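Trainee: Can you read through this structure? Questions will come right after.
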Amino acid sequence: MSDLISADDNVARLIRHGQLQVNDGRVFAPAAEEATGEDAQVAADAAPALPVDEPGWIVPLALWTTHRDTLRQRQHPVAVLLSPDSKLQDLIGEDGRVDDAGLAFIAIDFPIYTDGRGYSLAQLLRTRHGWQGELRAIGDVMIDTIHYQARVGFDSFLVKPGHDPEKALAAFRTFTVHYQKTYPKPPELLAA
Numbered sequence: 006m007s008d009l010i011s012a013d014d015n016v017a018r019l020i021r022h023g024q025l026q027v028n029d030g031r032v033f034a035p036a037a038e039e040a041t042g043e044d045a046q047v048a049a050d051a052a053p054a055l056p057v058d059e060p061g062w063i064v065p066l067a068l069w070t071t072h073r074d075t076l077r078q079r080q081h082p083v084a085v086l087l088s089p090d091s092k093l094q095d096l097i098g099e100d101g102r103v104d105d106a107g108l109a110f111i112a113i114d115f116p117i118y119t120d121g122r123g124y125s126l127a128q129l130l131r132t133r134h135g136w137q138g139e140l141r142a143i144g145d146v147m148i149d150t151i152h153y154q155a156r157v158g159f160d161s162f163l164v165k166p167g168h169d170p171e172k173a174l175a176a177f178r179t180f181t182v183h184y185q186k187t188y189p190k191p192p193e194l195l196a197a
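Counting with our numbering, you get residues 6 to 197 for the letters of the sequence shown.
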């Protein structure tokens with residue numbers, strides 16, 4: 006997953022506010038998550054528990070939940086990464102709305118385009134839990150999917166390598182009539 010969402014390529018694959026941009030996000034994954042056995046302990050001892058305080062970091066929901074108070078005090082807010090099986094209650098305040106203090110944006114991973122749980126998470130965040138901030142689709146995000154992702158509330162998209170970002174941007178104009186109710190699409194995507 007991290008190779009799809011690293012900021013080290015200078016290709017404009019991020020669609021944000023109806024414009025192509027170079028991806029500014031990178032996922033912080035504690036080294037212990039990628040190692041096993043004794044290597045995991047060595048990695049855990051050597052790796053920092055949190056990313057350095059600079060722009061562009063995306064942290065997994067479990068890390069956000071564990072270090073929420075510390076991360077909220079940073080000069081540069083972090084984004085939170087949701088996996089398809091994430092439980093939204095870790096982001097929801099007592100009032101039933103997303104507790105957005107210290108959040109730059111929310112990213113939802115699509116490990117494979119046929120996994121529809123990310124659509125459900127986006128719809129719930131927008132309609133039931135009042136998330137008004139940026140909602141980014143990452144992972145297996147293709148030309149064929151971004152139109153539908155926008156219809157459930159995504160407003161930024163990290164297009165999968167190998168897919169033409171210009172064609173992905175044009176995909177927002179593919180359909181002009183819809184027969185299903187949807188989350189209102191942001192005006193900047195309507196103009197794309």
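Positions of the beta carbon are idealized from the N, C-alpha and C atoms, including for glycine.
Just so you know, these numbers come straight off a predicted model, no measurement behind them.
Using only alpha-carbon positions, find the residue among G61, A112 and F159 that is nearest to T132.
Mentor: Residue F159 is the option with its Cα nearest to T132.
Trainee: Is the separation between the beta-carbon of S161 and that of R141 shorter than 9 Å?
Mentor: Yes, the Cβ-Cβ distance between S161 and R141 is below 9 Å.
Trainee: When DSSP labels each residue in this structure, what does A48 get in the three-state scheme?
Mentor: Since pLDDT at A48 reaches only 48, below the 50 mark, its modelled position is unreliable, and no value is offered.
Trainee: Quick one, which of L163, T75, I151 and R156 has its alpha-carbon nearest A176's?
Mentor: Per the Cα distances, I151.
Trainee: Which whole runs of the beta strand (DSSP E) in the segment 79-133 are 3 residues long or more, in chain order?
Mentor: List check, beta strand (DSSP E) in window: 83-87 and 108-115.
Trainee: Taking Q26 as the reference, give the member of L163, V83, L130 and L96 with the closest Cα.
Mentor: Taking only the C-alpha atoms, the option nearest Q26 is L163.
Trainee: Can you tell me which of the three DSSP states A40 falls into?
Mentor: Model confidence at A40 stands at a pLDDT of 48, short of 50, so the residue's coordinates are unreliable and nothing is read from them.
Trainee: Rounded C-beta distance between A114 and L87? I'm assuming under 8 Å.
Mentor: The displayed chain sequence assigns Asp, not Ala, to residue 114. That pair is a contact at about 7 Å.
Trainee: Can you pull the DSSP bridge partners for W62?
Mentor: Bridge partners of W62: R31.
Trainee: Just to confirm, is the Cβ distance from D120 to D145 under 9 Å?
Mentor: Yes, they are a contact pair.
Trainee: Considering only C-alpha positions, which residue in the set I97, K172 and D58 is nearest to R31?
Mentor: Ranking the options by Cα distance to R31, first place goes to D58.
Trainee: Use the C-beta contact count for K165: other C-beta atoms within 10 angstroms, 16 or more gives buried, fewer gives exposed.
Mentor: K165 is buried by the Cβ-count criterion.
Trainee: Could you tell me how far apart the beta carbons of R102 and H134 are, in whole angstroms, since I believe they sit closer than 8 Å?
Mentor: The pair is a contact, with the Cβ atoms about 6 Å apart (cut-off 8 Å).
Trainee: With DSSP run on the structure shown, which of helix, strand or coil describes A17?
Mentor: Reduced to three states, the DSSP call for A17 is coil.
Trainee: Any idea which residues DSSP pairs Q137 with across the strands?
Mentor: Q137 is not bridged to any residue.
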